[in-house]
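As you go down the protein sequences, you meet chains A and B in turn.
Residue 230 in our numbering sits at position 248 of the first sequence; the count goes up by one each step and never skips.
Residue 271 in our numbering sits at position 237 of the second sequence; the count goes up by one each step and never skips.
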Amino acid sequence: MNVPLLKVDDMRIALKGDGASFDAVENVSFEIGRGEAFGLVGESGCGKSITALAVMGLLRRPLSLAGGRIVLDGQEIQDASPAEMRRLRGKRIAMIFQEPMTALNPLSPVGRQIAEMFVLHEGASWNEAMDRAEEALRQVRVPSPERRIKDYPHQLSGGMRQRVMIAIALACGPDLLIADEPTTALDVTVQAEIIDLMAELCAAKGTAILMISHDLGLVANMCRRVAVMYAGRIVESQVAGAIFATPRHPYTQGLVDSLPRLGERSRRGRQRLREISGVVPSIAAYPPGCRFNPRCPAVTEICRSTPPDSTSLPADGFVRCHHHG
Amino acid sequence: MAEPLLKLDQLAVHFTVGSALKGGVKTLKAVDGVSFDVKPGECLGLVGESGCGKSTLALAIMGLIPPTHGRIALNGHELSGRERMATARTVQMVFQDPYASLNPRQTVRRTLVDPLRLHGVTDRTEVDQRVMDMMAKVGLRPDHADRYPHEFSGGQRQRIGIARALILKPKLVICDEPVSALDVSIRAQIINLLLDLKDEMGLAYIMISHDLGVVEHVSDRVAVMYLGRIVEQGGWQEIFEDPRHPYTRALIAAIPDPFDLVAASATAKARGEIASALNPPPGCHFNPRCPMKADRCVSEVPALEAVAAGHRAACHFRDRVS
């Protein structure tokens, strides 16, 4: 296989505070090929967002990278200097956040915020950059871009703001776009449009996507491969279709079974939803062994003492469970 | 046929915004002529995106916002706004955010006792008994009674919110996005609990949600709202299997189906974004986004008319199945 675009190898992120240190993320490894869409799914607090921030080199105290390698296109970037990371960010890796209102500068017209990318990363003049910003807005299908480039973020709707974010992120044609819950703050019909737009533009430019979401359905539709995170570890990674058809980890199985699916009631009548018992553990109290063991229906003695190793599945997939079926 | 528990007749809630000095006064029609009824023991799903007026509608039914015109009748009695206490014994609400909707300085016991006292249950043993019974019903342990909200997880807090809503034994509970603030792995617990309690206590629900999977799972009937108006209503099967309003179809098409990785047909999807409720498009509010738009849709407001028994849609082309 060729060199993957992004390789995260045995990454560990530490959370330090009050004299204690916890592993917020540990043993996280995954690869994303050129132009590939890869999904990272998990509940709040599972470590998916800080994994993305680590790749961007944006971890700040009390979080820090405590181990592992992050390799972008053959080059290790986990120890890169802030100046080197600034050159990479925006140019080769870009990120879209959940809430576009807080990610955009409220005091700057959106056209200027897009144009800044061309000025900073490509040495364009402001005049040229503003023309290209207008073109970028047209590409993300903002109506009448010639007027919109002068608008401030508060003058735009949530969906339009997220389009502006996409325009900024894709301005310099990055190799990798990280999208952290890009549509969670949007309405469902607008979400569908934004996802289509993102997928289409990335496909056209050959940009790879790291899509982060709590919505398994959304990710499975958009991505080729999906990894599921629970309590700081990846518990399973499979091709998108397989993760629903044959989930191997009890947590993934629980997630797939516990959601009421559209059309299910018509097909099979109302079935009682399968519950996952218990709650997500807090980071200060991760259980020993497999971290899902207090909630797992198939738990045995070994699960309580020994963290499971990963077992390979077809197509670069794996599962971390002592009793994977 | 059973007497409806709740009957809304052309209910409207308008707000005036702006000032005469700055650009003039405008009317925001948050709820614009909504009629439906809810029978005892029935679950009505209310679907719509943010800004469509579903939460304003809920507050009006609760008696917390006076309607601009139209009528709300509970058990055949028209609500006048003066009988807040009587309304509260019949209608209660479960809120979306279990973090914001509980008083952080009140123990669970206090949260549950206060409504009882306020409504005249003063006998101490009876109060204690009802609190303990209710806690057991929603799956909280007796020793949870003297704890504060911050000691609980999101799912448990939502159980407290449900207990508070049910302690007065209401007939109708309005659930406003009851699971969307919860972790995905917790949602099934709360949905199952709500359905169990409905059977056990003979409750009627108005289930407000933008999650169509949840609505289909729990509802007997469904109403779809868009910019203050009901655009379609009917039995859950009709709405999900034979939707007649293009907006309903767009909502359904927007849900990614993990088992069918073929993208939904582009024709069903809505274009653009929801218009501002301050300045809704003329005619059918959905017309700028509608794939079936015709001239008539701009000039004429479609009425909510029958497609089949119990199934109505407000679309000029409701008989044209796409």
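Beta carbons: idealized from backbone N, C-alpha and C, even for Gly.
This one's a predicted model, so the numbers in the text were calculated from it and none came from an experiment.
In DSSP terms, what residue i is bridged to
i, result
"Gly21/A", "Met193/A, Val208/A"
"Ala257/B", "Leu80/B, Gln267/B"
"Cys209/B", "Val128/B, Met241/B"
"Arg215/A", "Tyr212/A"
"Gln121/A", "Gln121/A pairs with nothing; no bridge assigned."
"Cys3/A", "In the sequence on display, residue 3/A carries Ser and not Cys. Answer by DSSP bridge pairing, in chain order: Lys(-2)/A."
"Leu41/A", "Partner(s): none; Leu41/A has no beta bridge."
"Met(-7)/A", "Val10/A"
"Ser53/B", "Gly57/B"
"His345/B", "Ala342/B"
"Ala161/A", "Ile78/A, Met193/A"
"Leu(-12)/A", "Ile14/A, Leu54/A"
"Arg112/B", "Going by the sequence as given, residue 112/B is Glu instead of Arg. Paired residue(s): Ala107/B."
Helix, strand or coil at residue i [DSSP, three-state]
i, result
"Pro253/A", "Going by the sequence as given, residue 253/A is Gln instead of Pro. The answer is coil: DSSP assigns Gln253/A none of H, G, I, E or B."
"Ala297/B", "With a pLDDT of only 47 at Ala297/B, under 50, the local geometry of the prediction cannot be trusted, and no value is derived from it."
"Cys331/B", "helix"
"Gly27/A", "coil"
"Asp71/B", "strand"
"Thr166/A", "coil"
"Ala107/B", "strand"
"Leu200/A", "helix"
"Gln44/B", "strand"
"Glu300/A", "Checking the displayed sequence, the identity of residue 300/A turns out to be Phe instead of Glu. Strand at Phe300/A."
"Val65/B", "strand"
"Ile131/A", "coil"
"Ala222/A", "helix"
"Gly97/B", "coil"
"Ala288/B", "coil"
"Ala227/A", "helix"
"Met326/B", "coil"
"Tyr133/B", "coil"
"Asn313/B", "coil"
"Phe274/B", "helix"
"Leu229/B", "helix"
"Ile150/A", "helix"
"Asp352/B", "Here residue 352/B turns out to be Arg, not Asp, going by the sequence shown. Correct three-state label for Arg352/B: coil."
"Leu91/B", "helix"
"Gln3/B", "No information on residue 3/B is available, as it lies outside the stretch 35 to 356 that chain B covers here."
**Message:** Within 8 Å, do at least three Cβ pairs link the segment 212 to 231 of chain A to the segment 34 to 41 of chain A?
**Reply:** no
**Item:** Segments assigned alpha helix (DSSP H), at least 4 residues, entirely inside the segment 243 to 298 of chain A
**Value:** 246 to 250, 283 to 287
**Request:** Could you tell me whether the segment 62 to 78 of chain B touches the segment 249 to 265 of chain B, where touching means 3 or more Cβ pairs closer than 8 Å?
**Result:** yes
**Prompt:** Counting pairs of beta carbons, one from the segment 289 to 302 of chain A and one from the segment 53 to 65 of chain B, are three or more of them closer than 8 Å?
**Reply:** Using a Cβ-Cβ distance cut-off of 8 Å, the segment 289 to 302 of chain A and the segment 53 to 65 of chain B are not in contact, since fewer than three pairs of beta carbons, one from each stretch, lie closer than that value.
**Prompt:** Should the segment 196 to 206 of chain A be regarded as contacting the segment 221 to 234 of chain A, the criterion being three or more beta carbon pairs within less than 8 Å?
**Reply:** Contact between the segment 196 to 206 of chain A and the segment 221 to 234 of chain A is present, because at least three Cβ pairs lie under 8 Å.
**Prompt:** Is the number of C-beta pairs between the segment 175 to 192 of chain B and the segment 130 to 149 of chain B that are closer than 8 Å three or more?
**Reply:** yes
**Request:** Would you list, in sequence order, the uninterrupted alpha helix (DSSP H) runs of no fewer than 4 residues that lie entirely inside the segment 40 to 116 of chain A?
**Result:** 64 to 70, 82 to 85, 92 to 104
**Prompt:** Considering only residues of the segment 170 to 227 of chain B, which uninterrupted beta strand (DSSP E) runs meet the minimum length of 3 residues and lie entirely inside it, listed in chain order?
**Reply:** Within the segment 170 to 227 of chain B, the complete beta strand (DSSP E) runs of at least 3 residues are 206 to 210.
**Item:** Cβ-based contacts, 9 Å cut-off: residues of the segment 186 to 214 of chain B near chain A
**Value:** Ser187, Gly188, Gly189, Gln190
**Message:** Which residues of the segment 1 to 13 of chain A have a Cβ closer than 7 Å to any Cβ of chain B? Give them in chain order.
**Reply:** Cβ contacts with chain B come from no residue of the segment 1 to 13 of chain A.
**Asked** In chain order, what residues of the segment 227 to 260 of chain B put their CB closer than 7 Å to some CB of chain A?
**Response** His244, Leu246, Gly247, Val248, Glu250, His251
**Message:** Whether or not the segment 175 to 183 of chain A and the segment 147 to 154 of chain A are in contact is what I'm after, with contact meaning three or more pairs of Cβ atoms, one per stretch, closer than 8 Å; do they touch?
**Reply:** yes
**Request:** Name, going along the chain, the residues of the segment 144 to 171 of chain A whose beta-carbon falls closer than 8 Å to a beta-carbon of chain B.
**Result:** For the segment 144 to 171 of chain A, which is checked against every Cβ of chain B, the residues closer than 8 Å are Asp169, Val170, Thr171.
**Request:** Would you be able to state if there are at least three C-beta pairs under 8 Å between the segment 229 to 248 of chain A and the segment 5 to 20 of chain A?
**Result:** no
**Item:** Contact residues within the segment 193 to 221 of chain A, judged by C-beta distance below 7 Å to chain B
**Value:** His196, Leu198, Gly199, Leu200, Ala202, Asn203
**Asked** Closer than 8 Å, Cβ to any Cβ of chain A: which residues of the segment 56 to 68 of chain B, in chain order?
**Response** Result list empty, no residue passes.
**Request:** Evaluate contact between the segment 143 to 159 of chain B and the segment 88 to 98 of chain B, counting only Cβ atoms and requiring at least three cross-stretch pairs below 8 Å.
**Result:** no
**Request:** Name, going along the chain, the residues of the segment 253 to 285 of chain A whose beta-carbon falls closer than 7 Å to a beta-carbon of chain B.
**Result:** Cβ proximity to chain B below 7 Å picks out Arg254, Leu255, Arg256, Glu257, Ile258, Val261, Val262 from the segment 253 to 285 of chain A.
**Asked** Would you say the segment 222 to 241 of chain B touches the segment 143 to 156 of chain B, given that touching needs at least three Cβ pairs under 8 Å?
**Response** Taking a cut-off of 8 Å on C-beta distances, the segment 222 to 241 of chain B does not touch the segment 143 to 156 of chain B, as fewer than three cross pairs fall below it.
**Message:** Using a Cβ-Cβ cutoff of 9 Å, what residues of the segment 272 to 288 of chain B are near chain A? List them in chain order.
**Reply:** Phe274, Glu275, Tyr281, Ala284, Leu285, Ile286, Ala287, Ala288
**Request:** Kindly confirm or deny that the segment 125 to 134 of chain A and the segment 49 to 59 of chain A touch, where touching means at least three C-beta pairs closer than 8 Å.
**Result:** no
**Request:** Closer than 9 Å, Cβ to Cβ, to anything on chain B: give me those residues from the segment 173 to 195 of chain A, in chain order.
**Result:** Gln173, Ala174, Glu175, Ile177, Asp178
**Item:** Complete beta strand (DSSP E) runs within the segment 144 to 170 of chain B (minimum length 3 residues, chain order)
**Value:** Segments of the beta strand (DSSP E) lying fully in the segment 144 to 170 of chain B: there are none.
**Request:** Specify whether the segment 282 to 289 of chain B and the segment 108 to 123 of chain B touch according to this definition: at least 3 beta carbon pairs, one from each stretch, less than 8 Å apart.
**Result:** Output reads no: the segment 108 to 123 of chain B does not touch the segment 282 to 289 of chain B.
**Prompt:** Would you call the segment 115 to 125 of chain A and the segment 52 to 71 of chain A in contact, with 3 or more CB pairs under 8 Å?
**Reply:** no
**Item:** Any 3 or more C-beta pairs closer than 8 Å across the segment 269 to 277 of chain B and the segment 56 to 74 of chain B
**Value:** no
**Request:** Return the residues of the segment 78 to 102 of chain B that lie within a Cβ-Cβ distance of less than 7 Å from chain A, sorted by chain order.
**Result:** Glu83, Ser84
**Message:** What are the residues in the segment 118 to 133 of chain A lying within 9 Å of chain B by C-beta distance?
**Reply:** Pro125
**Item:** Members of the segment 304 to 317 of chain B that neighbour chain A once the beta carbon cut-off is set at 7 Å
**Value:** Ala304, Glu307, Ile308
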